[in-house]
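Heads up: the sequence shown begins at 14 in our numbering, then just goes up one per residue. In what follows, a structure is listed as structure tokens, so that the remarks can point back to it.
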Amino acid sequence: QGKSLAQLLKEGKVFSLEEVLQIGDTVLNVLDYLHSRKPAVFYGDLKPDNLMLTSAGTLYLVDFGSAVLGFGNEPRICMGTEGFAAPEQYQGKVSERSDLFALGKTIRSLAGRNWGRILWKIPGLWLFVHRCVQPQEEKRLQNAAQAKKMLLNIGKRRGRTRKNMAVVLGTAAVLLAGGMFFAVRERKPSFKEALTEVTTLYY
Numbered sequence: 014q015g016k017s018l019a020q021l022l023k024e025g026k027v028f029s030l031e032e033v034l035q036i037g038d039t040v041l042n043v044l045d046y047l048h049s050r051k052p053a054v055f056y057g058d059l060k061p062d063n064l065m066l067t068s069a070g071t072l073y074l075v076d077f078g079s080a081v082l083g084f085g086n087e088p089r090i091c092m093g094t095e096g097f098a099a100p101e102q103y104q105g106k107v108s109e110r111s112d113l114f115a116l117g118k119t120i121r122s123l124a125g126r127n128w129g130r131i132l133w134k135i136p137g138l139w140l141f142v143h144r145c146v147q148p149q150e151e152k153r154l155q156n157a158a159q160a161k162k163m164l165l166n167i168g169k170r171r172g173r174t175r176k177n178m179a180v181v182l183g184t185a186a187v188l189l190a191g192g193m194f195f196a197v198r199e200r201k202p203s204f205k206e207a208l209t210e211v212t213t214l215y216y
């Protein structure tokens, strides 16, 4: 019971950066489990339509009609969705990197019109998506564990960036106040001079 992420998008839902990161982390946990089976299970059709969110906030991956077992090299009929399926799926091939390609496309889709704001806040997410959606398989992130580690580091760096910004802004404010105090005693600088000194220190 719940709504698909695609339905939520159609209803005007704007996913925050935190929600996008959490969804990505949850999906990677599922993919890591599927890919580590013997034989591996490749999902093959990851997209917002197949991710269901319950009212309790639990995310489910549904509809395994396109899933295949990862053994043998014989071509298979592509069961993915245009816009999310990796290029090799149109040649009858699917692998764990195909699922990562679809994850990158899914994250980009969930960000929607919020994508620019997300990139401004955390450009590392752009690099993550970029490494997922490379046309050549060998240039992508190679497995769910590697992708999960990269996504986790993005979240950690975001936390450090917030702290560093607070320290820089606090230091700039103190220096500005101190500069104004000494300016009264010595020489009163122009507004342009004072502002240039602070912004130079900040950058």
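Glycine is no exception: its CB is placed at the ideal position from the N, C-alpha and C atoms. Here the structure is a predicted model, which means the values were calculated and not measured.
- Of Pro52, Gly117 and Lys134, the smallest CA-CA separation from glutamate 31 is found for Lys134.
- Per DSSP, leucine 30 has no beta bridge partner at all.
- Within the same chain, and ignoring the five residues on either side of histidine 48 in sequence, the residues whose Cβ sits closer than 6 Å to its Cβ are Glu109 and Ala157.
- Given a length threshold of 4 residues, each whole run of the alpha helix (DSSP H) inside the segment 126-168 is given here in chain order: 128-134 and 137-145.
- Beyond the five residues adjoining it in sequence on each side, glycine 15 comes within less than 6 Å, by CB distance, of Met65, Leu66 and Thr67 in the same chain, given in chain order.
- DSSP, read as helix, strand or coil, puts serine 17 in strand.
- Apart from the 5 residues on each side of it in sequence, lysine 118 sits with its Cβ closer than 7 Å to the Cβ of Gly96, Phe97 and Val146 in its chain, given in chain order.
- In the pairwise beta carbon analysis, the segment 161-170 is classified as touching the segment 138-145: at least three pairs are separated by under 8 Å.
- Nearest to proline 52 by alpha-carbon distance, out of Ser29, Thr39, Val81 and Val43, is Val81.
- Judged by DSSP in its simplified three-state form, leucine 113 adopts helix.
- Pairing leucine 21 with valine 43 gives a Cβ-Cβ distance that is not under 8 Å.
- Taking the Cα of alanine 99 as reference, the smallest distance to any Cα among Lys169, Gly37, Lys152 and Val40 is reached at Lys152.
- Here the C-alpha atom of glutamine 104 lies approximately 15 Å from the C-alpha atom of serine 79.
- The C-alpha of glycine 129 is placed about 31 Å away from the C-alpha of phenylalanine 55.
- Residue pairing by DSSP places methionine 65 opposite Ser17 and Tyr73 in a beta bridge.
- The criterion of a C-beta distance shorter than 8 Å is not satisfied by leucine 123 and valine 40.
- Taking a 10 Å sphere around the C-beta of valine 27, we find fewer than 16 other C-beta atoms and assign the residue as exposed.
- Secondary-structure assignment with DSSP links leucine 59 through no beta bridge to anything.
- Rounded to the nearest angstrom, the Cβ distance from leucine 116 to glycine 37 is 7 Å, consistent with a contact under 8 Å.
- For phenylalanine 114, the CB contacts under 7 Å within the same chain, skipping 5 residues up- and downstream, are Ala99, Cys145, Val146 and Arg153 in chain order.
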